[in-house]
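Below: the structure, in structure tokens.
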Amino acid sequence: MYRYLIPLLLMPELAHARTVIGIAERFLAEATRIGIVVGLIGLVYGAGSMAAGKQGSGATITNSLIGLIIMMAIKAVQSLLQSMV
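Counting the sequence shown from 1 gives a position; our numbering is that position plus 27.
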């Protein structure tokens with residue numbers, strides 16, 4: 028089993044770090060995009076429910092807005108961390 032790990036140990040650290048950072052950035056971008064789309068769908072659904080007079084639509088809109096704010100905060104934290112590195 029250890030013979031499979033030896034090439035990883037011989038790999039230059041910068042190349043390995045770039046690979047991991049690239050994967051993490053792509054994952055974060057996709058997760059953020061999906062989160063924003065789900066938040067917008069929830070916002071539209073909540074607005075439609077509110078227009079129809081359904082109970083609980085205010086909570087749906089509030090939760091969607093909180094989700095969108097969190098997604099935007101994630102982007103801000105990502106930008107902050109990238110500027111620090």
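For each residue, glycine too, the CB sits at the ideal point set by N, CA and C. The model shown is predicted, which means the values in this text are computed figures rather than measured ones.
Would residue i pass as a contact of residue j if the rule is Cβ separation under 8 Å?
i     : j      : result
Met77 : Ile88  : yes
Ser91 : Leu107 : no
Met98 : Gly66  : yes
Straight-line CA distance for residue i to residue j?
i      : j      : result
Glu52  : Gly85  : 34 Å
Ala74  : Leu95  : 15 Å
Met105 : Ile63  : In the sequence as displayed, the identity of residue 105 is Gln instead of Met. Rounded to whole angstroms, Gln105 to Ile63 spans 15 Å at the Cα level.
Gly49  : Ala103 : 18 Å
Just reading off the alpha helix (DSSP H) that residue i is part of, what are its end residues?
i     : result
Gly85 : Ser84 to Met111
Throw me the rounded Cβ distance for the residue i and residue j pair, which I believe falls under 8 Å.
i     : j      : result
Thr59 : Ile101 : 6 Å
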